[in-house]
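Trainee: Encoded as structure tokens, here's the structure I'll be asking about.
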Amino acid sequence: DIQMTQSPASLSASLEEIVTITCQASQDIGNWLAWYQQKPGKSPQLLIHSATSLADGIPSRFSGSRSGTQYSLKISRLQVEDTGIYYCLQRYSNPPTFGGGTKLELK
Amino acid sequence: QVQLKESGPGLVQPSQTLSLTCTVSGFSLTSNSVHWVRQPPGKGLEWVGAIWSGGSTDYNSALKSRLSISRDTSKSQVFLKMNSLQTEDTAIYFCTRNNYYFDYWGQGVMVTVSS
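Protein chains in written order, with the working numbering: chain A, 105 to 211; chain B, 631 to 745.
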């Protein structure tokens, strides 16, 4: 199975700050990576797919990038509503595997 | 619009069988696969298994011996059955539509394994 190592596990940032979360894949997964946001008591919401493509209705302050087998989610100007837990997911091969999650809080 | 909704018992006794239903609308089960993902309280997401648009299935290798996923396309329903439940199976169970990625999710159903 492909392992997705996500970091940091938790993060505290200020309003308007730039935030970056990363996922390292254990092998090449091409661009088969997605990012999700999950708020308490809710199901995950797709933010980014295909490593860099913004999902429908997602604000443009979210962006995704790739460097080799390392993938990053960047929030350019943190807003109050961006708090929650973020997960990466690889869809290159079965079984699909998630990163361990990053809990993002406001400082 | 696309919707998925999980249903099933909230409490299951240890060693018993869990039966969950995912009822979908806004798409066809013969066009998109449906996956199950679970989340233990306070923990991350774990892929459980899938039923593909052609009807074949894939399971998490750690759960494979206890798990069965099936569907009724005429009712737009997907079924999950897991036997020999243990406390470690306590989790929120989500069904989600696969469109290359998991793009729509149900609200989830909390399943507690306890006597």
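Glycine residues also receive a C-beta, built at the ideal position from the N, C-alpha and C atoms.
#1: DSSP on VAL184(A), reduced to helix/strand/coil?
#2: Cβ of GLN631(B) less than 8 Å from any chain A Cβ?
#3: Just the Cα atoms here: how many angstroms apart are VAL642(B) and MET712(B)?
#4: Using three-state DSSP, classify THR742(B) as helix, strand or coil.
#5: CA-CA distance, ALA680(B) and PHE732(B)?
#6: Which residue's Cα is closest to the Cα of SER691(B): GLY205(A), THR201(A), GLU120(A), LEU115(A)?
#7: Which bits of chain B does THR201(A) rub up against, with CB to CB less than 8 Å?
#8: Who are VAL708(B)'s beta bridge partners in DSSP?
#9: Looking at chain A, which residues of the segment 668–695 of chain B have a Cβ within less than 9 Å of any of its Cβ atoms?
#10: Look up LYS146(A) in the DSSP assignment and say whether it is helix, strand or coil.
#11: How should PRO112(A) be labelled, buried or exposed, when 16 other C-beta atoms within 10 angstroms of its C-beta is the threshold for buried?
#12: Cutting at 6 Å between CB atoms, please list the residues of its own chain near ILE189(A), excluding the five before and the five after it.
#13: Considering Cα atoms alone, identify which of LEU634(B), SER645(B), GLY640(B), GLU636(B) is closest to ARG696(B).
#14: By Cβ distance below 8 Å, which residues in the same chain neighbour THR703(B) in space, the five residues on each side in sequence not counted?
Mentor: Short version:
#1: Look at VAL184(A) here: in three-state DSSP terms it is helix.
#2: Taking a beta-carbon distance threshold of 8 Å, GLN631(B) does not count as an interface residue toward chain A.
#3: Taking the straight line from one Cα to the other gives about 11 Å.
#4: Assigned with DSSP and collapsed to three states, THR742(B) falls in strand.
#5: Straight-line measurement puts the Cα of PHE732(B) at about 11 Å from the Cα of ALA680(B).
#6: Residue THR201(A) is the option with its Cα nearest to SER691(B).
#7: Chain-ordered, the chain B residues with CB closer than 8 Å to the CB of THR201(A) read TRP677.
#8: Per DSSP, CYS652(B), ARG701(B).
#9: Residues GLN669, LYS673, GLY674, LEU675, GLU676, TRP677, GLY679, ALA680, ASP688, TYR689, ASN690, SER691.
#10: The answer is coil: DSSP assigns LYS146(A) none of H, G, I, E or B.
#11: Note on PRO112(A): under 16 other CB atoms within 10 angstroms of its CB, so exposed under the neighbour-count rule.
#12: If we look at ILE189(A) and ignore the five residues flanking it on each side, its Cβ neighbours are GLN142, GLY205, LYS207.
#13: With distances taken between CA atoms, ARG696(B) lies nearest to SER645(B) out of LEU634(B), SER645(B), GLY640(B), GLU636(B).
#14: Contacts found: SER658, LEU659, THR660.
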